[in-house]
Amino acid sequence: MKKLWPSLLLLLLFAACKQKEYNADMLVKNATIYTVDSTFTTAEAFVVQAGKIVAIGSADSLEKIYTARQVVDANGKAVYPGFIDAHTHFYRYGLSLQEVHLEGTNSWDEIVDSVQAYAGRNEEGWIIGRGWDQNDWKTKQFPSKGKLDSLFPVRPVILTRVDGHAAIVNQAALNIAGIKPNQKLEGGQIQTVDNKLTGILVDNAVDLITHKIPQATDQQTQSALLGAQQNCFAVGLTTVDDCGLDYPMINTIAELQHKKALKMRMYVMLSDNEDNINYLFKRGVYKTPGLNVRSFKVYADGALGSRGACLLHDYNDQKGWKGFLLSSQKHFEDVAQRIAAKGFQMCTHAIGDSANRTILKIYANALKGKNDKRWRIEHAQIIDPADIKYFGENNIIPSVQPTHATSDMYWAGDRLGAQRLKTAYAYKQLLQQNGWLPLGTDFPVENINPLYTFYAATERKDMKGLPANGFQKENALSRIEALRGMTIWAARSNFEEKEKGSIEVGKFADFVITDQDLMKAKGAELPRIKVLKTFVNGEKVYEKK
1 MKKLWPSLLL
11 LLLFAACKQK
21 EYNADMLVKN
31 ATIYTVDSTF
41 TTAEAFVVQA
51 GKIVAIGSAD
61 SLEKIYTARQ
71 VVDANGKAVY
81 PGFIDAHTHF
91 YRYGLSLQEV
101 HLEGTNSWDE
111 IVDSVQAYAG
121 RNEEGWIIGR
131 GWDQNDWKTK
141 QFPSKGKLDS
151 LFPVRPVILT
161 RVDGHAAIVN
171 QAALNIAGIK
181 PNQKLEGGQI
191 QTVDNKLTGI
201 LVDNAVDLIT
211 HKIPQATDQQ
221 TQSALLGAQQ
231 NCFAVGLTTV
241 DDCGLDYPMI
251 NTIAELQHKK
261 ALKMRMYVML
271 SDNEDNINYL
281 FKRGVYKTPG
291 LNVRSFKVYA
301 DGALGSRGAC
311 LLHDYNDQKG
321 WKGFLLSSQK
331 HFEDVAQRIA
341 AKGFQMCTHA
351 IGDSANRTIL
361 KIYANALKGK
371 NDKRWRIEHA
381 QIIDPADIKY
391 FGENNIIPSV
401 QPTHATSDMY
411 WAGDRLGAQR
421 LKTAYAYKQL
431 LQQNGWLPLG
441 TDFPVENINP
451 LYTFYAATER
461 KDMKGLPANG
471 FQKENALSRI
481 EALRGMTIWA
491 ARSNFEEKEK
501 GSIEVGKFAD
511 FVITDQDLMK
521 AKGAELPRIK
531 VLKTFVNGEK
541 VYEKK
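Below, the structure written as structure tokens:
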């Protein structure tokens with residue numbers, strides 16, 4: 001009997017040390033989970049295995065079936081599908097983190113001071129900045145380059161307006177590009193006064209400068225993508241649509257994703273130049289779990305703030321001026337027919353009512369009625385009432401950015417006049433055309449935070465809570481519509497609704513936990529809600545400190 005004790009002790013020790021058997025990677029429980037499925041179901045818990053959701057229900061029922069390696073106790077907080085921004089300039093935003101930050105500046109003098117400070121810290125190369133908006137200044141006129149010329153007679157400077165559709169440059173930059181007074185070009189403006197260059201360039205004229213700037217190094221590119229990623233994770237973004245890249249960036253993004261460094265999922269629209277068109281036509285759709293390339297970004301016109309948006313009638317504050325298209329109508333027609341013939345998606349920036357009419361008619365001719373090609377109008381800010389029918393008749397998707405409405409509302413009436421303003425930023429009316437629409441920010445034009453998108457879409461107010469009754473509140477979205485717009489509808493606009501955009505079995509385990517409930521918080525509290533944790537593929541990629 002005594003000889004049995006050592007064997008029995010070994011057996012008990014083995015049983016105690018035997019590794020617990022797991023059949024799931026993660027259990028999320030004690031949560032109010034907004035699944036954003038077709039009936040907007042809520043749940044208490046879900047299970048993750050191999051990066052995907054495998055079960056949804058109550059914690060009690062799931063714990064009887066699954067033993068998870070990790071348990072995430074949400075402590076009663078709200079959980080949503082990972083937020084999707086349907087219109088960004090993700091890479092451009094990342095680069096801007098390495099440049100002069102001009103957002104929120106209140107005068108030209110303040111900008112010059114910021115540029116001087118940056119130049120003192122960065123003594124070589126181009127000085128590049130972005131984010132100024134003359135509409136925020138006491139004197140709401142474009143500046144001139146005199147101070148930049150005095151401070152930087154040799155070093156080239158380019159400072160891009162917040163919308164990316166205008167810039168001020170110094171004489172050194174103009175010399176490098178060979179720009180002369182009275183030089184003409186299609187789809188752009190080179191501003192002069194008394195036959196002298198002011199340094200202001202609008203739309204295609206800006207490209208004359210940017211094409212002369214040395215390309216970012218591999219290190220700068222990687223830092224830009226990873227820096228943008230971390231800031232986006234901190235606000236709950238798990239997928240971004242990057243609008244207007246060139247095809248070499250596809251390999252860069254894919255390599256970083258393969259190395260597990262870039263975990264942000266990306267939907268990439270290629271710019272519509274011939275190199276990009278030929279590349280994608282030859283290669284076909286590029287699709288991995290983290291990267292989807294199947295569309296082209298086209299620019300029909302410029303921005304309202306820089307008076308580059310193409311209007312049917314004169315600008316209210318500049319008689320005789322209607323803005324302009326960035327290319328000929330024939331160019332847009334040819335591009336649309338080529339893209340349609342190959343079965344790709346066309347996504348066109350159109351802000352003014354003339355630009356929207358032009359593109360809507362071209363789309364209608366190419367799509368020929370009801371379809372599931374999901375061609376998009378990016379921004380769709382000013383639509384003549386006679387043209388809105390084209391969206392529903394041809395299943396054209398308006399891709400809108402609600403914070404544009406609340407940023408522009410203070411001066412948009414100056415540009416448009418009261419009558420046209422009534423038809424602008426009409427998101428509810430646009431939603432009704434197809435029953436769904438994707439939401440985005442257009443960052444870095446606007447703040448990257450999708451919760452600001454939610455607030456602007458539902459409350460139609462700025463960050464100061466103004467106007468008290470909301471801006472053209474009849475076009476506000478409901479909270480359910482807004483949440484769908486930044487999750488499942490954004491996924492649908494990318495042909496990805498079967499893999500993301502809702503918390504459903506079989507979909508990626510991309511989800512977000514917030515400190516307050518978006519669906520229950522008071523309107524004034526919405527922009528103050530914080531993301532506590534962000535998960536991609538079942539992996540925690542952000543946690544609030």
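FYI, in our numbering the residues of the sequence shown are 1 to 545.
Backbone N, C-alpha and C fix where the C-beta goes; we use that ideal spot for every residue, glycine too.
Going by Cα to Cα distance, which pick from the options is closest to residue i?
| i | options | result |
| --- | --- | --- |
| M346 | K184, A50, G323 and P398 | P398 |
| H404 | A341, V162 and Y267 | V162 |
| L280 | I158, R338, A234 and W321 | R338 |
| F46 | F511, D515 and E543 | F511 |
| Q70 | D60, A24, Y91 and I84 | A24 |
| L551 | K140, H211 and H165 | With the chain represented from 1 up to 545, any question about residue 551 goes unanswered, as that position is not in the structure. |
| L291 | A86, I253 and N276 | I253 |
| D194 | N182, I65, V202 and A418 | N182 |
| G227 | G244, T198, A261 and P248 | A261 |
| G523 | G470, Y425, L151 and Q49 | G470 |
| D242 | F296, L201, A216 and I480 | F296 |
| H89 | E378, I503, L451 and A509 | E378 |
| A366 | A386, I396, A424 and G146 | I396 |
| E188 | L312, L325, A119 and P153 | At residue 188 the sequence reads Gly, which differs from the Glu that was named. Taking only the C-alpha atoms, the option nearest G188 is L325. |
| A119 | V240, D387, N449 and V100 | V100 |
| D73 | N30, W108 and E474 | N30 |
| R283 | Y247, N106, Y267 and F535 | Y247 |
| T238 | P527, I179 and T487 | T487 |
| N135 | R376, E255 and R307 | R307 |
| I503 | K319, Q381 and A43 | A43 |
| L526 | R492, L477 and E459 | E459 |
| E603 | L304, F83 and Y390 | With the chain running from 1 to 545 in the structure shown, residue 603 is simply not present. |
Ordered along the chain, which non-local residues of its own chain (more than five positions away) have a Cβ less than 7 Å from that of residue i?
| i | result |
| --- | --- |
| C17 | Any answer about C17 is weak, because its pLDDT of 45 lies below 50 and its placement is not dependable; what the coordinates show is given next. Cβ neighbours of C17 beyond the five flanking positions: none. |
| L62 | L27, A45, V47 and A55 |
| P402 | Y427, L439, T453, A456 and A457 |
| L421 | A412 and G413 |
| T192 | P181, N182 and T198 |
| V505 | I53, V54, A55 and I56 |
| G392 | Q433 and N434 |
| I480 | F40 |
| L9 | For L9, the pLDDT reaches just 49, beneath the cut-off of 50, and the residue's location in the model is therefore unreliable, leaving the point undetermined. |
| K507 | K52, I53, E499 and K500 |
| T406 | A456, R460, K461, D462 and F471 |
Check the DSSP bridge columns for residue i and list the partner residues they point to.
| i | result |
| --- | --- |
| G57 | A45 |
| F296 | L270 and M346 |
| F508 | K52 |
| V112 | BP columns for V112 are empty, so no partner. |
| D275 | According to DSSP, D275 bridges with nothing at all. |
| D301 | L325 |
| F281 | Beta-bridge pairing links F281 to no other residue. |
| L311 | None, per the DSSP bridge assignment. |
| H379 | A350 |
| K540 | F535 |
Can you name, in chain order, every residue of its own chain whose Cβ lies under 8 Å from the Cβ of residue i, other than the five neighbours on each side?
| i | result |
| --- | --- |
| D414 | N316 and D317 |
| Q220 | L95 and Q98 |
| G465 | A524 |
| L483 | Y34, V36, Y80, F454, L518 and M519 |
| N447 | T403 and T441 |
| L256 | Q222, L225, L226 and L262 |
| L12 | Note on L12: pLDDT 47, under 50, position unreliable in the model; the coordinate value appears next. Contacts found: none. |
Less than 6 Å between C-beta atoms, sequence neighbours within five positions excluded: which residues of the same chain meet that for residue i?
| i | result |
| --- | --- |
| Q141 | none |
| E543 | K533 |
| Y267 | D241, N292 and N494 |
| V536 | T238, K263 and D510 |
Report the residue ranges of all beta strand (DSSP E) runs contained in full by the region 393-423; include only those spanning at least 3 residues, in chain order. 397-399
Examine the Cβ distances between the region 223-235 and the region 81-100 and report whether three or more of them are shorter than 8 Å. yes
Within the region 227-266, note down every full alpha helix (DSSP H) run reaching 4 residues or more, in order along the chain. 248-258
Counting only runs that start and end within the region 163-237, where is the alpha helix (DSSP H) found for 4 or more residues in a row? 171-177, 204-210 and 218-233
Can you check the region 65-148 for any alpha helix (DSSP H) of at least 4 residues that lies completely inside it and give the ranges in chain order? 90-96 and 108-121
Can at least three beta-carbon pairs, one atom from the region 356-364 and one from the region 328-337, be found at a separation below 8 Å? yes
Would you say the region 511-520 touches the region 71-84, given that touching needs at least three Cβ pairs under 8 Å? yes
Counting pairs of beta carbons, one from the region 148-167 and one from the region 121-138, are three or more of them closer than 8 Å? yes
At which residue ranges does the region 475-505 contain complete alpha helix (DSSP H) runs of 4 or more residues, listed in the order of the chain? 479-485 and 488-493
In chain order, what are the residue ranges of uninterrupted alpha helix (DSSP H) at least 4 long that sit wholly in the region 448-479? 450-459
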